[in-house]
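Enquirer: Structure provided below as structure tokens; questions to follow.
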Amino acid sequence: MKIKTPVTEMLGIDLPIIGAPMFLVSYPDLVVAVSEAGGLGTFPSQNYRTVEELRRGLEDIRSRTKKPIGVNLILHKAHNPNWAKHLEILLEFKVELIITSLGSPRSIINEAKSVGTKVFCDVTTLRHANLVAKSGADALVAVAQGAGGHAGNISPFSLFPYLKKEIGLPVLAAGAISGGAQMAAAMSLGADAVYIGTRLIATKEAAASQEYKEMIVQSAPEEIIYTEKISGIPANWLKRSVEKAGDNFHNEGSTDIDQEFKRWRDIWSAGHGVAQIDSIIPAGDVIKGMAAEYSDIVNKLPKLV
Numbered sequence: 012m013k014i015k016t017p018v019t020e021m022l023g024i025d026l027p028i029i030g031a032p033m034f035l036v037s038y039p040d041l042v043v044a045v046s047e048a049g050g051l052g053t054f055p056s057q058n059y060r061t062v063e064e065l066r067r068g069l070e071d072i073r074s075r076t077k078k079p080i081g082v083n084l085i086l087h088k089a090h091n092p093n094w095a096k097h098l099e100i101l102l103e104f105k106v107e108l109i110i111t112s113l114g115s116p117r118s119i120i121n122e123a124k125s126v127g128t129k130v131f132c133d134v135t136t137l138r139h140a141n142l143v144a145k146s147g148a149d150a151l152v153a154v155a156q157g158a159g160g161h162a163g164n165i166s167p168f169s170l171f172p173y174l175k176k177e178i179g180l181p182v183l184a185a186g187a188i189s190g191g192a193q194m195a196a197a198m199s200l201g202a203d204a205v206y207i208g209t210r211l212i213a214t215k216e217a218a219a220s221q222e223y224k225e226m227i228v229q230s231a232p233e234e235i236i237y238t239e240k241i242s243g244i245p246a247n248w249l250k251r252s253v254e255k256a257g258d259n260f261h262n263e264g265s266t267d268i269d270q271e272f273k274r275w276r277d278i279w280s281a282g283h284g285v286a287q288i289d290s291i292i293p294a295g296d297v298i299k300g301m302a303a304e305y306s307d308i309v310n311k312l313p314k315l316v
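Each residue of the sequence shown is one higher than the one before, counting from 12 in my numbering.
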């Protein structure tokens, strides 16, 4: 199956479905599964402690799939002091997509484009979207209310068409997208692709613990907590994991990498999309099933005469 949009054309993929890069969750198994299913798998460079580990991770992925892949690169020195070295490796491997967050992409745009790499940027507001657009971003990842991890607080019904109209760049819809129904809704609002995270945590290939996966299946959207107290930036978390951690996260806002790993091992992120997740299945089935459900829903919608 192929669903053609500006994003699929730009990246050379069959389906407008991008697997979100998730800290301590997205590793080669998940990346390969998503890309091989027709979407585009990604991972955060910070999943690897050293530059050499990052290189080995990319070698592993490239040995298992020839399909396009992406990497999230945090451009904030306090959160990722090694971002410049990470960038060198990504350019060496000519990854098809770099997704930036927590910083301006201006410093990497020219180098990325010199090797054919596209640059998408996480944004939650029009102000930030304007900044990255002026820096040369190829597309926007519009992170709406209800997204897992660091999320904005604007409703997806408003954010996706708002940024599309005001900025004009392709928009990837992020926030509570767990199936073809939400994908169809996002595309009807002007999105050119969808960005899924929480649904991919509850898959066989995700590096999350079995307890984390089961907690996603068992949780309801009412059990998602939106707070800045855990990571220093507003984000959505599983209430059950926060309660279980108790007082074990007093280093709120710490940027030390060891504290980042410890916090994200103990307290688990997820979005409102838990409402539509009822099983742990292969990631490839998630991607193919989402595309099939999307097509079925679109075909059944009333046609305007």
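Think of the CB as a built atom: it goes at the ideal place given N, C-alpha and C, for glycine as much as any other residue.
Work out the CA separation of Gly49 and Lys13 for me, nearest whole Å.
Expert: Position 2 of the sequence shown, counted from the start, is the residue given in the question as residue 13. Position 38 of the sequence shown, counted from the start, is the residue given in the question as residue 49. Whole-angstrom Cα-Cα distance: 8 angstroms.
Enquirer: Cα separation between Asp307 and Ala217?
Expert: For the purposes of this step, residue 307 is taken as residue 296 along the sequence shown, with counting starting at 1. For the purposes of this step, residue 217 is taken as residue 206 along the sequence shown, with counting starting at 1. The alpha-carbon atoms of Asp307 and Ala217 are separated by roughly 27 angstroms.
Enquirer: Using CA atoms only, rank isn't needed, just tell me which of Ile85, Gln193, Pro181, Glu63 is closest to Ala286.
Expert: Sequence index remark: in the sequence shown, residue 286 carries index 275 (1-based). Minimum Cα distance to Ala286 is reached at Gln193.
Enquirer: Can you give me the start and stop residues for the alpha helix (DSSP H) that Pro167 sits inside?
Expert: To locate residue 167, count along the sequence shown from 1; it is residue 156. Residues 167-178.
Enquirer: Label Ser199 either buried or exposed according to how many other C-beta atoms from any shown protein chain fall within 10 Å of its C-beta, with 16 as the threshold for buried.
Expert: Working through the sequence shown from its first residue, we reach residue 199 at position 188. Exposed, since its Cβ has fewer than 16 Cβ neighbours within 10 Å.
Enquirer: Taking the continuous beta strand (DSSP E) assigned at Asp133, which residues delimit it?
Expert: For the purposes of this step, residue 133 is taken as the residue at position 122 of the sequence shown. From DSSP, the beta strand (DSSP E) with Asp133 extends over 129-134.
Enquirer: Can you tell me the Cα-Cα spacing of Asn262 and Ser242, whole angstroms?
Expert: In the sequence shown, the residue the question calls residue 262 occupies position 251. In the sequence shown, the residue the question calls residue 242 occupies position 231. The predicted model places Asn262 with a pLDDT of 47, which falls under 50 and marks its position as unreliable; any figure quoted below should be read in that light. About 9 angstroms.
Enquirer: Whole angstroms is fine: what's the gap from Ser220's alpha carbon to Lys145's?
Expert: Stepping through the sequence shown from its first residue, residue 220 is reached at position 209. Stepping through the sequence shown from its first residue, residue 145 is reached at position 134. Approximately 40 angstroms, taken between the alpha carbons.
Enquirer: For the segment 121-128 against the segment 37-48, do three or more pairs of beta-carbon atoms, one drawn from each stretch, fall closer than 8 angstroms, so that the two count as touching?
Expert: No: fewer than three Cβ pairs fall under 8 angstroms.
Enquirer: Is it the case that the segment 219-236 contacts the segment 48-62, given that we only count it when at least three CB pairs across the two stretches are under 8 angstroms?
Expert: No: fewer than three Cβ pairs fall under 8 angstroms.
Enquirer: Report yes if the C-beta distance between Pro32 and Ile72 is below 8 angstroms; otherwise report no.
Expert: The count along the sequence shown starts at 1 and reaches residue 32 at position 21. The count along the sequence shown starts at 1 and reaches residue 72 at position 61. No; because the gap between Cβ atoms is not below 8 angstroms, this pair is not in contact.
Enquirer: May I ask you to report which of helix, strand or coil DSSP gives Val182?
Expert: Here residue 182 is taken as the residue at index 171 of the sequence shown, counted from 1. Correct three-state label for Val182: strand.
Enquirer: Pick out whichever of Thr16, Glu234, Trp94 has its Cα sitting closest to the Cα of Arg60.
Expert: Position 49 of the sequence shown holds residue 60. For the residues Thr16, Glu234, Trp94, the minimum Cα distance to Arg60 belongs to Trp94.
Enquirer: Looking only at DSSP bridge pairs, what is His161 linked to?
Expert: Residue 161 sits at position 150 when you count from the first residue of the sequence shown. According to DSSP, which records beta bridges pairwise, His161 is partnered with Ala246.
Enquirer: Have a look at Gly147 and Lys240 and give me their C-alpha separation to the nearest angstrom.
Expert: Position 136 of the sequence shown holds residue 147. Position 229 of the sequence shown holds residue 240. Going by the C-alpha atoms only, they are around 33 angstroms apart.
Enquirer: What does a CB cutoff of less than 6 angstroms around Ile24 pick up in its chain, not counting 5 residues either side in sequence?
Expert: For the purposes of this step, residue 24 is identified with residue 13 of the sequence shown, where counting begins at 1. Hits under 6 angstroms: Leu51, Pro79.
Enquirer: How many Å lie between Val62 and Glu99 at the Cα?
Expert: Locating residue 62 in the sequence shown gives position 51, where the first residue counts as 1. Locating residue 99 in the sequence shown gives position 88, where the first residue counts as 1. Near 10 angstroms, if we compare the C-alpha coordinates of Glu99 and Val62.
Enquirer: Using beta-carbon positions only, say whether Leu35 and Arg251 come within less than 8 angstroms of one another.
Expert: Translated into positions along the sequence shown, residue 35 becomes position 24. Translated into positions along the sequence shown, residue 251 becomes position 240. The answer is no: Cβ separation not under 8 angstroms.
Enquirer: Tell me which same chain residues have a C-beta within less than 6 angstroms of the C-beta of Ser178, skipping the five on either side of it?
Expert: As a working mapping, residue 178 is identified with position 167 in the sequence shown. The question names Ser, yet the displayed sequence has Ile at residue 178. Within the same chain, Ile178 has close Cβ partners Ala140, Ala144.
Enquirer: Scan the segment 48-136 and note each continuous beta strand (DSSP E) run of 3 residues or more that stays entirely inside, going in chain order.
Expert: Runs found: 52-55, 80-85, 108-112, 129-134.
Enquirer: Near Val18, which residues of its chain fall below 7 angstroms by C-beta distance, leaving aside the five closest residues on each side in sequence?
Expert: Position 7 of the sequence shown, counted from the first residue, corresponds to residue 18. For Val18, where only same-chain residues beyond five positions count, the Cβ hits under 7 angstroms are Pro27, Ala150, Pro181, Leu183, Asp203, Ala204.
Enquirer: With distance defined between alpha-carbon atoms, name the residue in Ser290, Arg66, Thr209 nearest to Glu103.
Expert: Counting from 1 along the sequence shown, the entry for residue 103 is found at position 92. Closest option to Glu103, Cα to Cα, is Arg66.
Enquirer: Could you give the distance in angstroms between the alpha-carbon of Ala256 and the alpha-carbon of Val130?
Expert: Position 245 of the sequence shown, counted from the first residue, corresponds to residue 256. Position 119 of the sequence shown, counted from the first residue, corresponds to residue 130. Taking the straight line from one Cα to the other gives about 36 angstroms.
Enquirer: From the DSSP output, in three-state form, read off Met153 for me.
Expert: Locating residue 153 in the sequence shown gives position 142, where the first residue counts as 1. Here the sequence assigns Ala to residue 153, which means Met is not the residue at that position. It is a strand residue.
Enquirer: Check for me: the beta strand (DSSP E) holding Ala30 runs from which residue to which?
Expert: Counted from its first residue, the sequence shown places residue 30 at position 19. The amino acid occupying residue 30 in the given sequence is Gly; Ala does not appear at that position. It spans 28-30 - the beta strand (DSSP E) in which Gly30 sits, taken as one unbroken run.
Enquirer: Using 8 angstroms for Cβ pairs, my map puts Ile291 next to Ala187. What's the rounded Cβ distance?
Expert: Numbered from 1 along the sequence shown, position 280 holds the residue referred to as residue 291. Numbered from 1 along the sequence shown, position 176 holds the residue referred to as residue 187. With a Cβ gap of about 19 angstroms, Ile291 and Ala187 do not count as contacting.
Enquirer: Could you check where the alpha helix (DSSP H) with Thr19 kicks off and where it finishes?
Expert: Residue numbering aside, residue 19 sits at position 8 when the sequence shown is read from its first letter. 17-22 is the span of the alpha helix (DSSP H), which, as asked, contains Thr19.
Enquirer: What is the DSSP secondary structure of Val205, reduced to helix, strand or coil?
Expert: One-based indexing of the sequence shown puts residue 205 at position 194. Residue state, collapsed to three classes: strand.
Enquirer: Tell me which residues share the same chain as Thr76 and place their Cβ nearer than 6 angstroms to its Cβ, disregarding the 5 neighbours each side in the sequence.
Expert: Counted from its first residue, the sequence shown places residue 76 at position 65. Within the same chain, Thr76 has close Cβ partners Val43, Ser46, Glu47.
Enquirer: In this structure, what does DSSP give as the bridge partners for Ser280?
Expert: As a position in the sequence shown, residue 280 is number 269, starting the count at 1. Partner(s): Trp248.
Enquirer: Looking at the structure shown, is Tyr237 part of a helix, part of a strand, or coil, going by DSSP?
Expert: For the purposes of this step, residue 237 is identified with residue 226 of the sequence shown, where counting begins at 1. If DSSP states are grouped into helix, strand and coil, Tyr237 belongs with the strands.
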